[in-house]
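J.: Residue numbers (my numbering): 2 to 113. C-beta atoms are modelled at their ideal positions from N, C-alpha and C, and glycine is treated no differently.
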Amino acid sequence: MRCKTLTAAAVVLVMLTAGCSTFEKVVYRPDINQGNYLTPTDVAKVHKGMTQQQVAYTLGTPMMQDPFGTQTWFYVFRQQPGHEKITQQTLTLTFDSAGVLTDIQNKPALTQ
2 MRCKTLTAAA VVLVMLTAGC STFEKVVYRP DINQGNYLTP TDVAKVHKGM TQQQVAYTLG
62 TPMMQDPFGT QTWFYVFRQQ PGHEKITQQT LTLTFDSAGV LTDIQNKPAL TQ
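(1) Would you decide whether residue 94 is buried or exposed? Buried here means 16 or more other CB atoms lie within 10 Å of its CB.
(2) Which same chain residues, not among the five before or five after residue 34, have their C-beta less than 6 Å away from its C-beta?
(3) Please state whether DSSP places residue 80 in a helix, a strand or coil.
(4) Roughly how many angstroms separate the alpha carbons of residue 105 and residue 49, rounded to a whole number?
(5) In angstroms with no decimal places, state the Cα-to-Cα distance between residue 44 and residue 56.
(6) How would you label residue 69, buried or exposed, when you count the other beta carbons within 10 angstroms and need 16 or more for buried?
(7) Please go through the same chain and pick out, in chain order, the residues whose beta-carbon is closer than 7 Å to the beta-carbon of residue 39, but skip the five residues on each side of it.
(8) In angstroms, rounded to a whole number, what distance separates the CA positions of residue 84 and residue 98?
(9) Please state the DSSP three-state secondary structure of residue 28.
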């Protein structure tokens, strides 16, 4: 009878501690990378006055384009390491009506 009580107590203890954060690091979580991965040297190659074709050749196609007619391209890279905070980097390029690059906004990595 005493063996059954100890076994039941051990099972209850294991079930109660299964949700604790100490076991979270034991579970494997893969790194998730999404979007356009750009190195600082890639971004440094882009400058005002380039055409859309030149930018697309240098950086590749953008992740998103503004659907409302303003010639804005968004290069977004989001990285979620297994047990760390999410980081996101956004490069926003604005073109004029002739397709010439007029503005570059490179937001640093944002932590969420």
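T.: Inspection of the coordinates gives the following:
(1) One-based indexing of the sequence shown puts residue 94 at position 93. Buried.
(2) The count along the sequence shown starts at 1 and reaches residue 34 at position 33. Within the same chain, residue 34 has close Cβ partners 80.
(3) Within the sequence shown, the letter at position 79 stands for residue 80. Residue 80 falls in the strand class under three-state DSSP.
(4) On the sequence shown, residue 105 is found 104 positions in, with the first residue counted as 1. On the sequence shown, residue 49 is found 48 positions in, with the first residue counted as 1. Approximately 7 Å between the Cα atoms of the pair.
(5) What you label residue 44 is simply residue 43 of the sequence shown in a count that begins at 1. What you label residue 56 is simply residue 55 of the sequence shown in a count that begins at 1. Their Cα atoms are separated by approximately 10 Å.
(6) If you number the sequence shown from 1, residue 69 lands on position 68. With fewer than 16 Cβ atoms within 10 Å of its Cβ, residue 69 is classed as exposed.
(7) Taking the first residue of the sequence shown as position 1, residue 39 is located at position 38. 60, 76, 78, 92, listed in sequence order.
(8) If you number the sequence shown from 1, residue 84 lands on position 83. If you number the sequence shown from 1, residue 98 lands on position 97. Distance between the alpha carbons of residue 84 and residue 98: 44 Å.
(9) Within the sequence shown, the letter at position 27 stands for residue 28. Coil at residue 28, not helix or strand.
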